Structure formats: C-alpha cells, structure tokens
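Peer 1: Dropping the structure in here first, questions after.
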Amino acid sequence: MSDLHTKTLSELREALLAREVTVEQVVRACLDRIEATEPEVHALISVQAEEALKQAREMDAAGPDPDKPLWGVPMVLKDLLATKGVTTTCASKILENFVPFYDATSVARLREAGAVCIAKANMDEFAMGSSTENSAFHTTLNPWDTDRVPGGSSGGSGATVAACQVPAALGTDTGGSIRLPASFCGIVGLKPTYGRVSRFGMVAYGSSLDQIGPMTRSVEDAARVLQVIAGHDPKDSTSVDCPVPDYLAALGRGNLDGVTIGLPEEYWGEGLDPEVENACRAAIAKAEELGAKTVPVSLKLTDYAIATYYIIAMAEASSNLSRFDGVRYGHRNRDAEELIDMYTRSRTEGFGDEVQRRIIMGAYVLSSGYYDAYYRKAAQVRRLLRRDFDKAFEQCDLIAGPVCPTVAFKAGDKADPLQMYLMDIFTISANLAGLPGMSLPVGLGADSKMPVGLQFMGRAFSEELMLGVGECLERNLEAMPVPEM
Amino acid sequence: MKISPEEVDKVARLARLDLPREKVELFAGQLGDILDYMDKLGELDTSDVDPMYSPVEHTTVLRKDEVKKEYSREDVLSNAPEQDGQFFVVPRIV
C-alpha cells in the first residue's frame, strides 16, 4: 500500500489487525511523509524516528493485540505533553533541553493503548497564541497554503494531521487552541469538557481552562482517541470521577431526528466573513435536512468573553510560569553571582515576548490594587457566561456556529497582540464555562479555497452526542479533500 | 486604562523579568490597549455574583498524608542545570 499515510486511524487500525500491513510499514510511511512535507510545513519540533521504528519492530514481532484500541497507530503529541525520555520544550528556549522522567497521563494512556508516538508538534510558546507564529523555534505553515498560518496554539498538531504526516495528534485547548487550528487546517478537533481528560503532565498555561483533546481527519478517529485518554486520574485534582461512555457506540446514527441545534445570534451576525458564513450555513441546512431542528438562542455576553478570558488566562499563566526559576529544570544564566539575579536573567533570556507580555499583564491584574477590578470581576463575569449557556441549553441539545470569523490568515498579518486575541471570540466561552467544543470541517471557502470549520458546543460531558451528530453530518457532507503537497 | 512604563517596569521586576527600556515602552502601549479593552467588563453589574474560579467547583481533593517515594533522587535531579548528586545547587545566598 503506497498511500498508507492518507489512511485514517480507523482504516489503519483495521489493516494492522488484519495483518495486511505491519506497524513498521505504517511508521515508515509516516516518517517518509514527514521527510517529504516537513520542509514546507514545519509542523514538528522533534521526530523520534529510531525509537518509533524499534517499537514498531517489537510490536510486529509480538503480533496484533485487538484489546489495544490504538495498536500500531502512529501519533504526534503537542510538545507541552511530558514524554518520558523525550524532550518536551513547550516551544520555549527556557525548556529547550528539558527531558521529563515521566509520561503525562494522556500520553501513558496512548502508549498503553498501543499507539506509537513518533514526533512532538510545534506550538505557540507555552500555548500562548492563535497562529503558531510564537514558537521560539520556527513558524508552522498551513498545508493548504503555505503563505498562511495553521492557527494556534496547537498549529503543529493541526498541520501534521492535515499534511497526512500522521492520522492523529493530541492538542490542547485553553481558549480555542484545538478548534481554531482544526478549522484552519480542515480537520476534526475536539476539546473535551473540563475535567474529562487528565491534565497531569501537561505544562500548565491557564489551569482552569486547559484541556487536552484529539485532532484527527475523521470524527470516528476523534472518538477512538478520546475513548483512550478520557477518564478520572487521581494525579489531577481537577479530573472528574464520572463514567466514560462508549463514544464509538454513539456513532453511525442514520439521521438527526430529535436533535435540536441552537444558533446563537451573536455568532452568526456582523463581522463574519461571507465565505465562512456560507459554508457553515450550508452545513446547518444539511443538518436540518437530516432531521435536526434549529432554534435561535442568545449568548448575549459573547462580546465580554475575550476580556474575561485574557484576564483569567494571563493571571493563571503568571502564576504557573513562576515555577521557571532555573533551579530544578530549564534554562539557567551562568553569569549571575546571586540568586535573585539568576532568576531574573534566566527568565528574561528564556521567555519570548508574548510570554513576557502575559506574565506582566497577569501579575498586574492580580496585584493588590487591581485584583478586585480585574481578576475578581472577570471571575464573576465568567459565572454569568456559564449561566448564559445553561439558559441556552434549556432550548437546545447542541449549539452551533463558526469556529472563527475568517479562514486562515496570512503569516505576519496580525502583528498587534489585541488583534490576534480577537480571533478567539467564538471559542473562548466554552473554555470559560468548561464545556466541550468540536470543530468539524464543512468545506472550503468559495474565494480562498481554504477550509472552514463548524463548531459544536454542548452541555458538560455531552461529547457522545456531539460526536454522534458530527459523524452523521460528516458522512452526509461532501468528503473533505486532502491538501495537495 | 493606561499603564505607565514605570508601572510596567515595576511589575516586570517583581515577576523577575529585566526588560530593556524600548520593550518596557512597547509593552506599556500594548498593555494599555489591552486594559482599555478589558475595562468593558465594568459595564456589567456583578454585585450579587459569586466569582467562578474553575468549572470544577465544590471539590476538595485530599490524598492521605502518607510519605511515598514515587521518583528517585537521580530522576528528580536529572534536569537540574547544576546539582551535586544530592541537591540542587544555586549561587551563594549568604
């Protein structure tokens, strides 16, 4: 099979279990594809080729294990997930040489399920950005058009899957960092409910917002990966101890009868690029054809979500990043003669501009004079935003809207930080409220020929419904092409 | 709300960052714009609203207070920029 790299995770799994292909063949196909496309997309920070091939040969020798749901499937991990023995840089100079001695829980679960982790994906430094232009190492480009960004901060994970380097990757989503690159790259991206997936071993950015999730080329693949990584973890005190449903059983529905989709007026109004609106409206029309009922709903505080989010995220970031002091791990300045000077020089040299900007902003909104005016106020508005969602979900099962007002923009186009922050207007509310969200590719923009993503948001722990509806719609929409590279 | 370069410099120092003057001035302008944007939250009346700090509320997870040795000393020291096999080494304090 010469086209192994274009197969979905589910197709590969079937072929591997039937012994039509070996794990080594699959891993080699992915490594060859990486070699061919990486000079253009720069999706990765490191590739663990030798280790992956060694693991593949061992797996082939032992034979297929049908009890391992991801047996032999190659995957890429965002480079903020701790991987035992493999550098975990967070796309930052400060962690350039950091080699964890443990696996993040999500990574350990992938390994136990038989996945072969072959590379670490590029990202915005410490997950701060919406374009993957903020990496300390290089900028990732969009496989659909290499003048454009892949979105961020999981842009490397999005680009690696879109470029068919691997069938699936893990990303993380603090304010839209899975859904935005999934939308820009034309793939499926799922941010689970806060607490559904353990955050242990993930380098923290905004601890009350961050969530790990799958990025794949089909909804079924997203369900397979989520099934493996979901579930309670005693090592993460915010991980929720409730049963994990059978996500695959939720797939294969023939129609959308009985499903009510809420369309928030704030997401479908002014400022939306017409080609994004048209592609999303066509997908909603298809959902209606399949039996879904649509109702207008209101998320009236949407305009306040970005301000709320950035106050909370920057406050949490400034606190989380205080651990980088050059003592236990990370970059250390060798010239400092005393301790405080060593902290200051190490941090100043190690953190990039966006990270420094957010640390200062976060420390400022948490400072005694401004805590009530900013941080406490934002936490209060956060509750109001959650109430908005609760009210909307009295009328519908899922909420749908665009992921982003535009398709992927050109690299270098959003030099002003505030302009960049505004890209996250439709995704951020789900993180503040802790709700699941999914980006489903629904076609290409009429003018730009760039992918457009439709976003579903649901009640807490409703991933099952979201995946079921998404897969039904995916099956009934025109198949998403693969970018020519 | 505007933020002066002096305030940016002060917060940066408290956060253990040492920024050159031109960066302090650049950040002051950018942070002023961001704070202006954030000030729109003042339009909302939140006087009777409890702050929501996390989507997972009302959970206090405590583990048993038992000493466990999950990682070896060697592992824990393995990423230290400077260590002596026993401890992390830092510049002299006194």
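For the record, the sequence lines run as chains Z and Y. With the numbering used here, letter number 172 in the first sequence gets 172, and the count goes up by one each step, no holes. Each position in the second sequence, counted from 1, maps to that position plus 485 in the numbering used here. Where is the CB? At the ideal position from N, CA and C, for every residue including glycine. None of the values given here were measured: they were computed from a predicted structure.
Any beta carbon of chain Y sitting closer than 9 Å to that of Z:R345?
Peer 2: Locating residue 345 of chain Z in the first sequence gives position 345, where the first residue counts as 1. Interface residue, yes.
Peer 1: What's the gap between the Cα of Z:S319 and the Cα of Y:V561?
Peer 2: Here residue 319 of chain Z corresponds to residue number 319 of the first sequence, with the count starting at 1. Here residue 561 of chain Y corresponds to residue number 76 of the second sequence, with the count starting at 1. If you take the alpha carbons of Z:S319 and Y:V561, they lie about 22 Å apart.
Peer 1: Would you say Z:N97 lies against chain Y (beta-carbon separation less than 9 Å)?
Peer 2: The residue you call residue 97 of chain Z lines up with position 97 of the first sequence. By this cut-off, Z:N97 is an interface position.
Peer 1: Name the one or two DSSP bridge partners that Y:T545 has.
Peer 2: Translated into positions along the second sequence, residue 545 of chain Y becomes position 60. The partner list for Y:T545 (beta bridge, DSSP) is empty, contrary to what the question assumes.
Peer 1: Just grab the DSSP bridge partners of Z:Q455 for me.
Peer 2: Counting from 1 along the first sequence, the entry for residue 455 of chain Z is found at position 455. DSSP, once it has assigned bridges, lists Z:G401, Z:S439 as partnering Z:Q455.
Peer 1: Check distances from the C-beta atoms of the segment 422–449 of chain Z to those of chain Y and list, in chain order, the residues that come in under 7 Å.
Peer 2: The segment 422–449 of chain Z vs chain Y, Cβ under 7 Å: A433, G434.
Peer 1: Taking 7 Å as the limit between beta carbons, can you name the residues of its chain near Z:A43, skipping five residues before and five after?
Peer 2: Counted from its first residue, the first sequence places residue 43 of chain Z at position 43. Closer than 7 Å at Cβ, skipping near neighbours: A121, N122, T140, G156, A159, T160, A163, Q165.
Peer 1: Which residue spans inside the segment 514–575 of chain Y form an unbroken alpha helix (DSSP H) run of at least 4?
Peer 2: List check, alpha helix (DSSP H) in window: 558–562.
Peer 1: How many Å lie between Z:G258 and Z:K286 at the Cα?
Peer 2: For the purposes of this step, residue 258 of chain Z is taken as residue 258 along the first sequence, with counting starting at 1. For the purposes of this step, residue 286 of chain Z is taken as residue 286 along the first sequence, with counting starting at 1. Straight-line Cα distance between these residues: approximately 15 Å.
Peer 1: Please report the distance separating the alpha-carbon of Z:A222 from that of Y:S489.
Peer 2: Along the first sequence, one-based indexing puts residue 222 of chain Z at 222. Along the second sequence, one-based indexing puts residue 489 of chain Y at 4. Each residue's alpha carbon lies about 47 Å from the other.
Peer 1: Let me confirm a value: Z:E125 is counted as buried when at least 16 other C-beta atoms fall within 10 Å, else exposed. Which label applies?
Peer 2: Looking up residue 125 of chain Z in the first sequence gives position 125. Answer is buried; the Cβ neighbour count reaches 16.
Peer 1: Just the C-alpha distance for Z:R217 and Z:I187, rounded to the nearest angstrom, thanks.
Peer 2: Locating residue 217 of chain Z in the first sequence gives position 217, where the first residue counts as 1. Locating residue 187 of chain Z in the first sequence gives position 187, where the first residue counts as 1. Cα-Cα distance, rounded: 5 Å.
Peer 1: Is it buried or exposed, Z:I261, if we count other Cβ atoms within 10 angstroms and call 16 or more buried?
Peer 2: The residue you call residue 261 of chain Z lines up with position 261 of the first sequence. Buried, because 16 or more other Cβ atoms sit within 10 Å of the Cβ of Z:I261.
Peer 1: Counting only runs that start and end within the segment 203–237 of chain Z, where is the beta strand (DSSP E) found for 3 or more residues in a row?
Peer 2: DSSP runs (the beta strand (DSSP E)) wholly in the segment 203–237 of chain Z: 211–216.
Peer 1: At the level of alpha carbons, what is the spacing between Y:K554 and Y:F573?
Peer 2: The residue you call residue 554 of chain Y lines up with position 69 of the second sequence. The residue you call residue 573 of chain Y lines up with position 88 of the second sequence. Rounded to whole angstroms, Y:K554 to Y:F573 spans 18 Å at the Cα level.
Peer 1: Is it the case that the segment 131–148 of chain Z contacts the segment 23–34 of chain Z, given that we only count it when at least three CB pairs across the two stretches are under 8 Å?
Peer 2: No, they do not touch.
Peer 1: Compare the beta carbon distance of Z:E51 and Z:V86 with 9 Å and say whether it is the shorter of the two.
Peer 2: Taking the first sequence and counting its residues from 1, one reaches residue 51 of chain Z at position 51. Taking the first sequence and counting its residues from 1, one reaches residue 86 of chain Z at position 86. A contact, by the Cβ cut-off of 9 Å.
Peer 1: Does the beta-carbon of Z:E354, which I'm using as the reference point, lie nearer than 8 Å to any heavy atom of the ligand NAP?
Peer 2: With respect to the ligand NAP, the structure shown offers nothing to examine, as it has no ligands at all.
Peer 1: 9 Å is my cut-off, CB to CB: does Z:T308 come that close to chain Y?
Peer 2: Taking the first residue of the first sequence as position 1, residue 308 of chain Z is located at position 308. Yes, contact with chain Y.
Peer 1: On the three-state DSSP scale, how would you describe Z:P167?
Peer 2: Position 167 of the first sequence holds residue 167 of chain Z. Three-state DSSP puts Z:P167 in coil, outside helix and strand.
Peer 1: Whose C-beta lies closer than 6 Å to the C-beta of Z:Y343 among residues of the same chain, with five residues either side of it excluded?
Peer 2: Locating residue 343 of chain Z in the first sequence gives position 343, counting from the first residue. So the list reads D325, once near-sequence residues are dropped.
Peer 1: Leaving out five residues on either side along the sequence, give the residues of the same chain with a beta carbon under 6 Å from the beta carbon of Z:V203.
Peer 2: On the first sequence, residue 203 of chain Z is found 203 positions in, with the first residue counted as 1. For Z:V203, where only same-chain residues beyond five positions count, the Cβ hits under 6 Å are L80, C90.
Peer 1: What's the gap between the Cα of Z:G195 and the Cα of Z:L432?
Peer 2: Taking the first sequence and counting its residues from 1, one reaches residue 195 of chain Z at position 195. Taking the first sequence and counting its residues from 1, one reaches residue 432 of chain Z at position 432. Straight-line Cα distance between these residues: approximately 13 Å.
Peer 1: Whose Cβ in chain Y lies nearer than 7 Å to the Cβ of Z:L380?
Peer 2: As a position in the first sequence, residue 380 of chain Z is number 380, starting the count at 1. In the sequence under discussion, the amino acid at residue 380 of chain Z is Gln, which differs from the Leu named in the question. What Z:Q380 touches in chain Y: T531, V534, P536.
Peer 1: Beta carbons nearer than 8 Å to chain Z: which residues of the segment 546–558 of chain Y have them?
Peer 2: Those would be V546, R548, Y556, in chain order.
Peer 1: Measure from the C-beta of Y:E567 to each C-beta in chain Z and report whether the shortest distance is under 9 Å.
Peer 2: As a working mapping, residue 567 of chain Y is identified with position 82 in the second sequence. Y:E567 counts as touching chain Z.
Peer 1: Name the two residues that bound the continuous alpha helix (DSSP H) containing Z:S183.
Peer 2: Reading the first sequence from its first residue, position 183 is the one you call residue 183 of chain Z. Note, Z:S183: alpha helix (DSSP H), 179–185.
Peer 1: In terms of residues, what are the limits of the beta strand (DSSP E) holding Z:M75?
Peer 2: As a first step, residue 75 of chain Z must be located in the first sequence, where it is residue number 75. Z:M75 -> beta strand (DSSP E) spans 74–78.
Peer 1: Determine contact between the segment 487–501 of chain Y and the segment 510–521 of chain Y, defined as no fewer than three beta-carbon pairs at a distance below 8 Å.
Peer 2: The segment 487–501 of chain Y, when compared against the segment 510–521 of chain Y, does touch it at the 8 Å Cβ threshold.
Peer 1: What runs of the beta strand (DSSP E), each 3 residues or longer, lie entirely inside the segment 339–418 of chain Z?
Peer 2: Fully enclosed beta strand (DSSP E) runs of 3 or longer: 398–402.
Peer 1: Under 9 Å, Cβ to Cβ, is there at least one residue of chain Y near Z:P167?
Peer 2: To locate residue 167 of chain Z, count along the first sequence from 1; it is residue 167. By this cut-off, Z:P167 is not an interface position.
Peer 1: Three or more beta-carbon pairs under 8 Å between the segment 351–363 of chain Z and the segment 98–112 of chain Z, yes or no?
Peer 2: No, the segment 351–363 of chain Z is not in contact with the segment 98–112 of chain Z.
Peer 1: Measuring only between beta-carbons, confirm whether Z:D325 sits less than 9 Å from chain Y.
Peer 2: Taking the first sequence and counting its residues from 1, one reaches residue 325 of chain Z at position 325. So yes, Z:D325 belongs to the interface.
Peer 1: Between Z:Q356 and chain Y, is there a C-beta pair that is closer than 9 Å?
Peer 2: Stepping through the first sequence from its first residue, residue 356 of chain Z is reached at position 356. Judged by the 9 Å Cβ criterion, Z:Q356 is in contact with chain Y.
Peer 1: Where do the ends of the alpha helix (DSSP H) carrying Z:P94 lie?
Peer 2: Numbered from 1 along the first sequence, position 94 holds the residue referred to as residue 94 of chain Z. A small correction: the amino acid at residue 94 of chain Z is Ile; Pro does not occupy that position in the sequence shown. Segment: none, Z:I94 is in no alpha helix (DSSP H) and carries neither H nor E.
Peer 1: Kindly say whether Y:Q515, judged by its beta-carbon, lies nearer than 9 Å to any beta-carbon of chain Z.
Peer 2: Against the second sequence, residue 515 of chain Y aligns to sequence position 30. Interface residue, yes.
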